[in-house]
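Number of protein chains: 2
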Amino acid sequence: MRALNLTLLTDLYELTMMQGYFKNPTDQVVVFDAFYRKNPCDGGYAIAAGLEQIIEYIRDLHFSPDDIDYLRSLKIFDTDFLEYLRGFHFTGDIYAIPEGTVIFPREPLVKVIAPVMEAQLIETALLNILNHQSLIATKASRVVYAAKGDGIMEFGLRRAQGPDAGIYGARAAMIGGCIGTSNVLTGQMFNVPVKGTHAHSWIMSFPDEYTAFKAYARQYPDACILLVDTYDVLDSGVPNAIRVFREMQEEGITLKGYGIRIDSGDLAYLSKQAYKMLAEAGFGDAIISASSDLDEYLIDSLKAQGAKINSWGVGTNLITSNGHPAFGGVYKLAAIKEKDDEDFAPKIKLSENVEKVTNPGNKTVYRIYDKATGKIRADLICLADETFDTGKDMIIFDPMATWKKTKISGGTYTLRELLVPVFLKGECVYTSPSVMEIRDICTKEKKTLWSETMRLVNPQEVYVDLSDKLYAIKSRLLEEMGQAAIE
Amino acid sequence: MRALNLTLLTDLYELTMMQGYFKNPTDQVVVFDAFYRKNPCDGGYAIAAGLEQIIEYIRDLHFSPDDIDYLRSLKIFDTDFLEYLRGFHFTGDIYAIPEGTVIFPREPLVKVIAPVMEAQLIETALLNILNHQSLIATKASRVVYAAKGDGIMEFGLRRAQGPDAGIYGARAAMIGGCIGTSNVLTGQMFNVPVKGTHAHSWIMSFPDEYTAFKAYARQYPDACILLVDTYDVLDSGVPNAIRVFREMQEEGITLKGYGIRIDSGDLAYLSKQAYKMLAEAGFGDAIISASSDLDEYLIDSLKAQGAKINSWGVGTNLITSNGHPAFGGVYKLAAIKEKDDEDFAPKIKLSENVEKVTNPGNKTVYRIYDKATGKIRADLICLADETFDTGKDMIIFDPMATWKKTKISGGTYTLRELLVPVFLKGECVYTSPSVMEIRDICTKEKKTLWSETMRLVNPQEVYVDLSDKLYAIKSRLLEEMGQAAIE
């Protein structure tokens, strides 16, 4: 049976650590940051998604009697700890970058401030949800970009990595800019457009292709996209489709949203030939839809070759983010406040892998926009209590090569804090927009990117800078640990 | 909220086609085959998985009042069709290859025989489940193979493509041969071993690494794996771990299942150095566990370099099947029986892409084993009612190059029909084994493969042949369609 309660959707080590903290009592309040290190598909940006489901997960957190019984059966948890779990709920603060926002590596996407046991438990599920949906929203955004204004339909449910990957993947794909999904359950759950016509089996279950087309056209004159590649696209499919369109016209039925779909073969060649045949028959306005192992690169290439396709159904490669199937988000301890302390003490994690060294402290992120164009100049990671005067010059520096500095003149830029409160003292203070509203937000967000950053291959990176204060803390911690500052 | 009822987990076109059939009444009973075309990761085989969840899905199929209301709101479905859906349930037959079985391209993994509307509706969810779990079971089997007997732990939940990808991905990974998962919910749902110790945050929340190790060791003396790379593996992590192991010994506490985990850096170098230090301190039997972007190729390479790792935690690349994130299973109409017909009429789907041409007819699959070794000689796809005498010679031929024939002498082989009944007339007649039982089945199944087929790179393909009868039908249909036989 499907699990409704996701409280045990966590790595065992979260629970063994929780018991460890329970047995070594502490009043520590900690700050954890969820962030990622590398844009999917070597792109220039990513899209934040999944917050609505993270909120649901946090609100519903509770250990049921069955959960407690199961944990007891593992014989590693003591009765007093299991009793504590019985009454567990989340009491901390969560800040997050809203869904649909353009995001960049290393900046905190979600910040959790909570007693250490609570902050630890939620790591795995929070990352699971954030990683999955941000990945697919990002991939969808790339595919939409490649299509240069043509509609992209999400068709991947059958190849998704399980039911949720289909359901929430389609949700994320809508956020990333798709115009609809084939997934009916996602349509029902999130009130997004559902699309689809018929399969090869429809054609094959009729005596011939013409009869099958005709039956379909009569049933759905308002959305009559005929799949033309069951037998032979140009010798059979397109001629039969034209015959049916013509007969429908003759019967006085106005065709709306009509056309063909090609699901195999060389899509550039076939679409151009099909267009010629359709146009010569007076159906030059027909939709020519394509679907067959598409991704952003193939769509880009087909468009460059002049393919006469104006509607794209993208399945496997979108719903699995083929080529880069994991977002790689991590959740790292950044600061600790002991019971009697006033301030958070910053914490850093070193690593043999330089890029895995974390940014310490209780932080936030500001986006620096160019006032004249509205485009993003850079993002600034700083301490949560830092303030900035946009009337004054700001010096930002390349985070890896700190000698490369740029001055942003006072008055030429605006600032926006990206992290917003989602939970305060365990209470949810945030209302998620609808998916179609988030999709609109995302469309506007993408307009804040320079085209150089949108490019599919080898894009220009957007700088994500550290404030002077944060940089000083990081350098000090690294020096204390006997290492040179690396960013 | 999480969806419990997966009936709408389907592509819209399944429903538009269903209404099409409803409006063009037919008594057709059809045969659909689910099969795949290419082994994941260019491997020599795959592992079937997901049947238990397919059974649950079929048993629970029903359109709730909310589902009907939602479909009505789309304004493409008529009242009579919606009324029909209200009473819908599955009444057909389903045959499937049991979970854990070694499988090859082009053979039917699931065969559905049902009225066309029922067979059509279930396509999407059936493929979704089958594709996902078979993919991950196959990837896990490859990783387990690379580890040459060392235990593989599934650690990927946080990078999985949503909750189900974590839950059922871990289930499939266990079937493929993992010894445990970090995913507590999967442990609870499927009664499989759960594993895990602590994260970097545990170390960082104590004043120093030694104190953190000591607290952990006291709490979990029976499963004390210390993560040694928070600061510096060889200068800090391993010496502190040794100090703690020694102190525990001195306190008279017997350490069981103790050791270290390395999560970054060069795993070959660090593990060899760490082993040396541990062995010199008298802890040569310590577990040395590694986790850090592992997959079958890296494990193979690390082992070839003599890495002293004997336990592997594999996350992202396993749970997403990185490099090949979709199984590519399809569901194709193979035969139709009209109301008054006695037999099924075979159906074929042509395609511009040669490898997409389907095998027609109501079929089954036999596995041909070598009697002496128990290894697989070939698989044979044939008509469901064909019988074979294992006392007689069998001629099998390369499915692509049909002039390449092999004679299997009578008496030297055994046959096993791979498809077993799962539903008959809508009633489930199959009981799924437990996941650990399926894992045992899979272990035995892998022993029926020649080592040449198990190889990670460029393995020998196992022949999947067509029977003479089936080949004749396929050739006839292709000729009727004016095309030459291609397999």
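So the sequences go chain by chain: A and B. Residues in the first sequence are numbered from -18 upward in steps of one, following our numbering. Residues in the second sequence are numbered from -18 upward in steps of one, following our numbering. For glycine and all other residues, C-beta sits at the position ideal for the given N, C-alpha and C.
Sorted by chain position, which residues of the same chain lie with C-beta nearer than 7 Å to residue 240(B)'s C-beta, five sequence neighbours on each side aside?
-> Taking the first residue of the second sequence as position 1, residue 240(B) is located at position 259. Closer than 7 Å at Cβ, skipping near neighbours: 206, 267, 268, 269 and 270.
How long is the line joining the alpha carbons of residue 59(A) and residue 4(A), rounded to whole angstroms?
-> In the first sequence, residue 59(A) corresponds to position 78, counting from 1. In the first sequence, residue 4(A) corresponds to position 23, counting from 1. Rounded to the nearest angstrom, the two C-alpha atoms are 10 Å apart.
Using a C-beta to C-beta distance shorter than 7 Å, which residues of chain A count as neighbours of residue 196(B)?
-> Stepping through the second sequence from its first residue, residue 196(B) is reached at position 215. In chain order: 1 and 5.
Exposed or buried, which one is residue 183(A) when buried takes at least 16 other CB atoms within 10 Å?
-> As a working note, residue 183(A) is residue 202 in the first sequence. Looking at its Cβ environment, which holds 16 or more other Cβ atoms inside 10 Å, residue 183(A) is buried.
Residue 212(A) touches chain B at which residues, Cβ-Cβ below 7 Å?
-> In the first sequence, counting from the first residue as 1, residue 212(A) sits at position 231. Ordered by position in chain B, the residues that pass the 7 Å Cβ test against residue 212(A) are 331 and 462.
Go through its chain and collect everything with a Cβ distance to residue 194(B)'s Cβ below 7 Å, but skip five positions before and after it.
-> Sequence index remark: in the second sequence, residue 194(B) carries index 213 (1-based). Excluding sequence neighbours, residue 194(B) sits near 207, 221, 222 and 225.
Note down, in chain order, each residue of its chain lying with its Cβ closer than 7 Å to the Cβ of residue 450(B), except the 5 sequence neighbours on either side.
-> Within the second sequence, the letter at position 469 stands for residue 450(B). Taken in chain order, the residues that qualify are 363, 364 and 367.
Three-state secondary structure (DSSP) at residue 490(B)?
-> As shown, chain B starts at -18 and ends at 468. That puts residue 490(B) outside it, with no answer to give.
Could you tell me which residues DSSP puts in a beta bridge with residue 348(A)?
-> Here residue 348(A) is taken as the residue at index 367 of the first sequence, counted from 1. Answer is 360(A) and 397(A), bridged to residue 348(A).
Please report how far the alpha carbon of residue 437(B) lies from the alpha carbon of residue 143(B), in whole angstroms.
-> Position 456 of the second sequence holds residue 437(B). Position 162 of the second sequence holds residue 143(B). Straight-line Cα distance between these residues: approximately 28 Å.
According to the Cβ coordinates, are residue 339(A) and residue 313(A) closer than 8 Å?
-> Taking the first sequence and counting its residues from 1, the one referred to as residue 339(A) is at position 358. Taking the first sequence and counting its residues from 1, the one referred to as residue 313(A) is at position 332. In this structure, residue 313(A) lies closer than 8 Å to residue 339(A) by Cβ.
If you check the beta carbons only, do residue 73(B) and residue 404(B) fall under 8 Å apart?
-> In the second sequence, residue 73(B) corresponds to position 92, counting from 1. In the second sequence, residue 404(B) corresponds to position 423, counting from 1. Yes, Cβ-Cβ distance for residue 73(B) and residue 404(B) is below 8 Å.
Contact check, residue 342(A) vs residue 17(A) under 8 Å by CB: the rounded distance?
-> Residue mapping note: residue 342(A) aligns to position 361 of the first sequence, counting from 1. Residue mapping note: residue 17(A) aligns to position 36 of the first sequence, counting from 1. So it is not a contact: roughly 19 Å between Cβ atoms.
Residue closest to residue 56(B), alpha-carbon to alpha-carbon, out of -3(B), 331(B) and 296(B) | Residue numbering aside, residue 56(B) sits at position 75 when the second sequence is read from its first letter. Closest by alpha carbon: -3(B).
Identify the residues that DSSP records as bridge partners of residue 292(A): which are they?
-> Taking the first sequence and counting its residues from 1, the one referred to as residue 292(A) is at position 311. According to DSSP, residue 292(A) bridges with 132(A) and 270(A).
Quick one: give me the first and last residue of the beta strand (DSSP E) that residue 53(B) is part of.
-> Looking up residue 53(B) in the second sequence gives position 72. For residue 53(B), there is no enclosing beta strand (DSSP E); the residue is found in the alpha helix (DSSP H) stretching over 46 to 54.
C-alpha gap between residue 284(B) and residue 426(A), whole angstroms = Within the second sequence, residue 284(B) is the residue found at index 303, counting from 1. Within the first sequence, residue 426(A) is the residue found at index 445, counting from 1. Rounded to the nearest angstrom, the two C-alpha atoms are 47 Å apart.
Answer with buried or exposed for residue 235(B), where buried requires no fewer than 16 other C-beta atoms within 10 angstroms of its C-beta.
-> On the second sequence, residue 235(B) is found 254 positions in, with the first residue counted as 1. Result: exposed.
Of the residues 432(B), 434(B) and 419(B), which one's Cα is nearest the Cα of residue 157(B)?
-> If you number the second sequence from 1, residue 157(B) lands on position 176. Among 432(B), 434(B) and 419(B), the Cα nearest to that of residue 157(B) belongs to 419(B).
Which residues does DSSP pair with residue 409(B) in a beta bridge?
-> Counting from 1 along the second sequence, the entry for residue 409(B) is found at position 428. DSSP output for residue 409(B) lists 404(B) as bridge partner(s).
Checking contacts by CB at 8 Å: is residue 209(A) closer than that to chain B?
-> Reading the first sequence from its first residue, position 228 is the one you call residue 209(A). Taking Cβ atoms only, chain B never reaches closer than 8 Å to residue 209(A), which makes this a no.
Taking C-alpha atoms, which residue in 444(B), 122(B) and 65(B) lies nearest to residue 385(B)?
-> Mapped onto the second sequence, residue 385(B) falls at position 404. Considering only alpha carbons, the answer is 444(B).
In angstroms, rounded to a whole number, what distance separates the CA positions of residue 406(A) and residue 324(A)?
-> Translated into positions along the first sequence, residue 406(A) becomes position 425. Translated into positions along the first sequence, residue 324(A) becomes position 343. For residue 406(A) and residue 324(A), the distance between alpha carbons rounds to 18 Å.
Give me the Cα-Cα distance between residue 103(A) and residue 22(B), rounded to the nearest whole angstrom.
-> In the first sequence, the residue the question calls residue 103(A) occupies position 122. In the second sequence, the residue the question calls residue 22(B) occupies position 41. If you take the alpha carbons of residue 103(A) and residue 22(B), they lie about 33 Å apart.
Coil, strand or helix - residue 373(B) by DSSP = For the purposes of this step, residue 373(B) is identified with residue 392 of the second sequence, where counting begins at 1. Residue 373(B): coil per DSSP, three-state reduction.
Using the beta-carbon count (16 or more within 10 Å), is residue 8(A) buried or exposed?
-> Here residue 8(A) corresponds to residue number 27 of the first sequence, with the count starting at 1. Exposed: under 16 other Cβ atoms inside 10 Å.
Any C-beta of chain B under 8 Å from that of residue 245(A) = Locating residue 245(A) in the first sequence gives position 264, counting from the first residue. With 8 Å as the cut-off, residue 245(A) counts as an interface residue toward chain B.
Taking just the CA atoms, how far does residue 423(A) sit from residue 414(A)?
-> Position 433 of the first sequence, counted from the start, is the residue given in the question as residue 414(A). Position 442 of the first sequence, counted from the start, is the residue given in the question as residue 423(A). For residue 414(A) and residue 423(A), the distance between alpha carbons rounds to 12 Å.
How would you list, in chain order, the residues of chain C whose beta-carbon sits under 7 Å from the beta-carbon of residue 147(A)?
-> As a matter of chain content, chain C is missing from the structure shown, whose protein chains are A and B.
From what residue to what residue does the alpha helix (DSSP H) around residue 242(B) run?
-> Your numbering for residue 242(B) matches position 261 in the second sequence. For residue 242(B), there is no enclosing alpha helix (DSSP H); the residue is part of the beta strand (DSSP E) that begins and ends at 240 to 243.
The stretch 110 to 125 of chain A in contact with the stretch 27 to 46 of chain A per 3-pair CB rule at 8 Å = Here the stretch 110 to 125 of chain A lies against the stretch 27 to 46 of chain A, with 3 or more beta-carbon pairs under 8 Å apart.
Over what stretch of residues does the beta strand (DSSP E) that includes residue 95(A) continue unbroken?
-> Here residue 95(A) refers to the residue found at position 114 when the first sequence is read from its first residue. Counting along the chain, the beta strand (DSSP E) containing residue 95(A) begins and ends at 91 to 96.
With a 10 Å radius around its C-beta and 16 neighbouring C-beta atoms as the bar for buried, classify residue 458(A) as buried or exposed.
-> As a working note, residue 458(A) is residue 477 in the first sequence. Classification for residue 458(A): buried.
Close Cβ partners of residue 246(A) (< 7 Å) along its chain, the five nearest in sequence each way excluded = For the purposes of this step, residue 246(A) is taken as residue 265 along the first sequence, with counting starting at 1. The answer, listed in chain order, is 210 and 214.
Is residue 109(A) helix, strand or coil when you go by DSSP?
-> Taking the first residue of the first sequence as 1, we reach residue 109(A) at position 128. The answer is helix: DSSP assigns residue 109(A) an H, G or I state.
Could you check where the alpha helix (DSSP H) with residue 66(A) kicks off and where it finishes?
-> Residue 66(A) sits at position 85 when you count from the first residue of the first sequence. It spans 60 to 67 - the alpha helix (DSSP H) in which residue 66(A) sits, taken as one unbroken run.
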